[in-house]
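Peer 1: Quick one: this structure, given as structure tokens, is what I'll be asking you about.
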Amino acid sequence: MMYTPYRSKHFTTYVDPESKVRIAVLSTHIAPIQQGFYFINSCISDDGRYLWFYCAYPPAAGHCVAVLDFLTDEIHYFPETRGGGWLVDHRTGNLYWGCSQGIYMRTPHPEDSPILIARLPEKCRKAGTSGAGTHLTFTSDHKELLADIQTPFGSMIGTFEIESGKFTEWYQTSPGIPYNHAQMNPVDKDMCMCAHEYTYDPKAGDYVPPALVDGIYPRLQIITRDGKRRMLKPCGNYATHEWWASNGKSIYYCNGSYEENGETISIVARDTLDGSDPSIICRVKVPGGNGTWHAHCTADEKYFVIDGSYPDGELSWWRGCASLVHFYNTETGKLFKFLTRNPVVEGWTPEYPSTYHIDPHPRFVLGDTMVCFTTTVYGRVDVAFVSVDQLIEATR
């Protein structure tokens, strides 16, 4: 018998006091902070057996991961997985990640050892590069891993062959131009998307957005294996946190500062990559806050999950601030706040924020039957799941 988040001994069922939705929260703690993966990659194998999750030990920086085997209902912790870019092979449950040496793989079985899949290019190692990317993704044939390698001489976008470890460079930016959040097109092994990210400005003492390029906010970049690059103009000329539709024909992204009818709202938008104007899929209004940090959709693109922030005085966001998660049903047009509040964990304030990226990062998993996200409803940072059937029923 395979256990599930709603039946495992390691989970506690939390009922949201307002939405009445039943949420399964991972209550067994092997680390002070436990999180679901960043929303681009699923943290659970397709058969539902292996759930991988981030572990952090304050005040130490960074994460490593552990796995819950739902067949045995046992948790195994792997401290050697410290690094970044963690990716679960949804077919096998094996884990890939990057560190300063290169890309490693390990199975979910504690008796096995990590295997070095590929070394970083020599010029990257000499330059002190610390990892292989924001979040590794597979090419559609599962033969390569896409990476965005950050170096002093620019961002290198390319793929590593899993079998041989060979690196193929697709594109390199100029020094000081960071492209990250690289992710493969799910069906085209020769196309990826990258984000032109914020950079730190010593004069401003903060991170600043990239300058407009030909009047376009340049976050959304489509790059192909032959080195060609195409920039997409986002809806409202601003974008954050993007992802591919499962069929590879569209991209979606968030914009938390869209101006409409004299007010600022948060939106999820879509670009069909055919040269037509992008379209707004969903509008989220959180007065004083940002309703669309991250979002994700089902394979049929009918349902969306979206996280965002509550206002905190004059701030719409700070690392560790209170958050919420919505479900949007495109068939009925109904928006449903199923996680009504992720409270601030004691000790974190705008002046002394969290040093960990604990946003909910909701994502559909297990054939779109569940949503995995990070929650703080018990006053700590936990992994959580909610069944999609509850959310569809609430938005009929």
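Count along the sequence shown from 1, then add 1; that gives the number in this note's numbering.
Note that the Cβ used here is the ideal one computed from N, Cα and C, for glycine as well.
1. Just mark TYR208 as buried or exposed, buried being the case when its beta carbon has 16 or more other beta carbons within 10 Å.
2. Starting from LYS335, follow its DSSP beta bridges and name the residues at the other end.
3. So, at 8 Å on beta carbons, what are the nonlocal neighbours of SER20 in its own chain, with the 5 sequence-adjacent residues on each side left out?
4. Measure from the alpha carbon of THR140 to the alpha carbon of each residue in MET371, PRO115, GLY155 and ILE163, then state which is nearest.
5. In angstroms with no decimal places, state the Cα-to-Cα distance between LEU316 and CYS322.
6. Which residues in the same chain as PHE12 place their Cβ atom closer than 7 Å to its Cβ, once the five residues preceding and following it in sequence are excluded?
7. Using DSSP bridges, identify the partner residues of SER324.
8. Going by C-alpha to C-alpha distance, which of THR160, LYS250, LYS286 and SER267 sits closest to THR273?
9. What does the alpha-carbon distance come out to for the pair THR1 and PRO122?
10. Only counting the same chain, and skipping five residues up and downstream in sequence, which positions put a Cβ closer than 7 Å to that of ILE281?
11. Whose CA, out of ASP113, HIS143, GLY134 and GLY166, lies closest to the CA of GLY155?
12. Which value, in whole angstroms, describes the spacing of the CA atoms of GLY314 and PRO351?
13. Under three-state DSSP, which class holds ARG126?
14. Can you name, in chain order, every residue of its own chain whose Cβ lies under 6 Å from the Cβ of VAL346, other than the five neighbours on each side?
15. What does the alpha-carbon distance come out to for the pair LEU325 and ILE178?
16. In the DSSP assignment, the beta strand (DSSP E) including GLU260 goes from what residue to what residue?
17. If you draw a straight line from the C-alpha of ARG397 to the C-alpha of PHE328, how long is it?
18. What are the residues that DSSP puts in a beta bridge with ASN181?
19. Would you identify the three-state DSSP class for ASP275, choosing helix, strand or coil?
20. On the criterion of 16 or more Cβ atoms from any shown chain inside 10 Å, does GLU264 qualify as buried, or is it exposed?
21. If GLY132 and GLY86 are in contact, beta carbons under 8 Å, what's the gap, nearest whole angstrom?
22. Under a CB-based cut-off of 9 Å, is LEU392 close to chain E?
23. To the nearest angstrom, how far is it from the Cα of MET371 to the Cα of HIS110?
24. Pop quiz: SER43 and VAL366 are said to be a contact at Cβ under 8 Å. What is the actual Cβ separation, rounded to whole angstroms?
Peer 2: If we stick to the structure as given:
1. exposed
2. ASN330
3. PHE337, LYS338, PHE339, LEU340, THR341 and ALA395
4. ILE163
5. 9 Å
6. PRO6, ALA25, VAL26, LEU27 and SER28
7. SER310 and ASN343
8. LYS250
9. With the chain represented from 2 up to 397, any question about residue 1 goes unanswered, as that position is not in the structure.
10. CYS236, ILE268 and ALA270
11. GLY134
12. 10 Å
13. helix
14. THR377
15. 32 Å
16. 252 to 261
17. 12 Å
18. ALA196
19. coil
20. exposed
21. 6 Å
22. No chain E appears in the structure shown, which is made up of a single protein chain.
23. 24 Å
24. 5 Å
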